[in-house]
Structures are given as structure tokens and as C-alpha cells.
Amino acid sequence: MRDWFSKHKLFIVVAVIIATFGIYYFFIYHETPGPIAAPQMSDIKGELQEKTTAKETEKAAKEEQTIKTIMVDVKGQIKHPGVYPARQGERVIDLIERAGGLANKADASQVNFAEHVQDEMVIYIPAKGETEPSAPGIATNSTSGSSGSTSGNAKVDLNKADVNQLQTLPGVGPAKAAAIIDYRETTGAFKTVEDLKNISGIGDKTFEKLKDLVVVH
Numbered sequence: 417m418r419d420w421f422s423k424h425k426l427f428i429v430v431a432v433i434i435a436t437f438g439i440y441y442f443f444i445y446h447e448t449p450g451p452i453a454a455p456q457m458s459d460i461k462g463e464l465q466e467k468t469t470a471k472e473t474e475k476a477a478k479e480e481q482t483i484k485t486i487m488v489d490v491k492g493q494i495k496h497p498g499v500y501p502a503r504q505g506e507r508v509i510d511l512i513e514r515a516g517g518l519a520n521k522a523d524a525s526q527v528n529f530a531e532h533v534q535d536e537m538v539i540y541i542p543a544k545g546e547t548e549p550s551a552p553g554i555a556t557n558s559t560s561g562s563s564g565s566t567s568g569n570a571k572v573d574l575n576k577a578d579v580n581q582l583q584t585l586p587g588v589g590p591a592k593a594a595a596i597i598d599y600r601e602t603t604g605a606f607k608t609v610e611d612l613k614n615i616s617g618i619g620d621k622t623f624e625k626l627k628d629l630v631v632v633h
């Protein structure tokens, strides 16, 4: 045994040294991986809040785009007559307030303040004692109580109205107004309201909007 140890002494010493360094390295330098840090709650809340704010901003922008700006002509017994911008859903009273309110001579009993406004609409405020619009063919927002029955708007006479007066009708621009006048000059006077359908660009849908706003004399 002693002879064997003497022969293998060098190998035994080397093996002991290697084993010692191995144990030392394992316990001293070998680090156990720590836990992975979980996301902070404040970071999560911040991300959610940013996403929510972005969605709300996008929704508000889309809603704003859907609200169309229209133009309404306010005239008659009003403090500041003129053409005013409006938004779909607004009412006559909103435009009257925007124009400074009614003048002293205005007859408020003939005005439908609750009516919704529409593009190219004319709001005519009559004076006290006035039963007809000051200019023929102009659509008004007044009602007449002289006959015991009420009518929503003074009707536009297709055989007398000029280009400007025809353009007060919903959906009638310069081109359609000119076509209406050209029709009555080349074909003759309108015999019935239904003759509007003979004009290019005025179909059943447009006619339904116009039939209660026009008259033939």
C-alpha cells in the first residue's frame, strides 16, 4: 500500500487540487439565477391609460367628422341678418341667437323655434302684422294664422321664382335652379308640381323633399 501511494503520490495530489478547485468554484462563483422581475403595476396602468386615451381621441375625431357644417340664411326682423354656419341637429332658435336675436318688430308667434335647420335653408322672421314674405318665392320659417290653418314654410312658386329663390330649396343648387328656369322657358309654365320630375337630376327621392315646399300658380 505504501509502495502504491509512493508511486501514485503525484496523481493523488493533482486530483485533490482539482477536486478542491471544483468545489470552491461551485459554491463561490456559481450563482443561482434570480427571479425575473415582473412588470410593475404602474407601467401596466400607464400603457392601458395611453391605449384608452388614443381610442377616445380617435372616436371623438370620427364623431366630429360626421357632424357636417351647413349654411343657413337668416333674414327679416333679426338684429344681425346674414348667412351663418350651423351644424346638423341645430334648431331655428340656435341660429336666431347666433344672429343676435329678434328685432323689436319681429312677430315671434309666427316662428317655429323648435324646427331643425338644413343646408341652404332661409329663416325669414316676419314683422308684426305681416302675413306674407317680403319677397315672393323665398322659403320662410314662419307660419300664418290668418286662415285658421298653419303651413310650415311659404312655398316657392315654380313659375315665378328666380335662380336665387329656387336655390333656397333643399338639394337645389345653381345647376338645378338653372334647369328649372330653362324648362319653363322652353317647355312652358309648370302645370303641376309633379312636372319637376321631368328635369334631369330630380328623381323620386329629391321630389319627395321638394313637393311640400313648392307650388304652381
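Note that the numbering used here gives residue 580 to position 164 of the sequence shown, counting from 1, and the numbers run on in steps of one.
Note that the Cβ used here is the ideal one computed from N, Cα and C, for glycine as well.
| message | Looking at the secondary structure, which residues open and close the alpha helix (DSSP H) in which Arg-600 lies? | response | 590 to 602
| query | Are the region 513 to 520 and the region 530 to 537 touching by the rule of at least three beta carbon pairs closer than 8 Å? | reply | no
| request: Spell out the partners DSSP gives Leu-585 in its beta bridges. | output: In the DSSP secondary-structure assignment, Leu-585 is not bridged to any residue.
| message | Helix, strand or coil, according to DSSP, for Lys-467 in the structure here? | response | helix
| Assuming Leu-585 contacts Leu-629 under a Cβ cut-off of 8 Å, what Cβ separation, rounded to an integer in Å, is found between them? | 6 Å
| query | For Ala-524, which three-state DSSP category applies? | reply | Ala-524 falls in the helix class under three-state DSSP.
| task | Report, in whole angstroms, the separation of the C-beta atoms of Ile-541 and Ala-522, which I expect to be a contact under 8 Å. | result | 5 Å
| Do Val-538 and Asp-489 have their C-beta atoms closer together than 8 Å? | yes
| For Lys-495, the first and last residue of its enclosing beta strand (DSSP E) | Careful: Lys-495 lies outside any beta strand (DSSP E) and carries neither H nor E.
| task | With DSSP as the reference, label Ala-431 as helix, strand or coil. | result | helix
| said: Once the 5 residues before and after Val-579 are set aside, which same chain residues still bring their CB inside 8 Å of it? | reply: Pro-590, Ala-593, Ala-594, Ile-597
| Residues near Phe-623 by beta carbon distance below 8 Å, same chain, minus five either side | Cβ within range, chain order: Glu-610, Leu-612, Lys-613.
| request: Would you list the residues sitting across from Val-631 in a DSSP beta bridge? | output: Asp-573
| task | Give me the Cα-Cα distance between Arg-514 and Lys-571, rounded to the nearest whole angstrom. | result | 25 Å
| field | One or two residues paired with Leu-518 in a DSSP bridge | value | Ile-494
| Straight-line gap, Leu-626 to Arg-507 (C-alpha atoms, nearest Å) | 20 Å
| query | Using a Cβ-Cβ cut-off of 7 Å (strictly less than) and excluding sequence neighbours within five positions of Leu-511, which residues of its own chain qualify? | reply | Val-488, Val-490, Tyr-500, Ala-502, Val-533, Ile-539
| query | Can you tell me the Cα-Cα spacing of Leu-582 and Ser-616, whole angstroms? | reply | 15 Å
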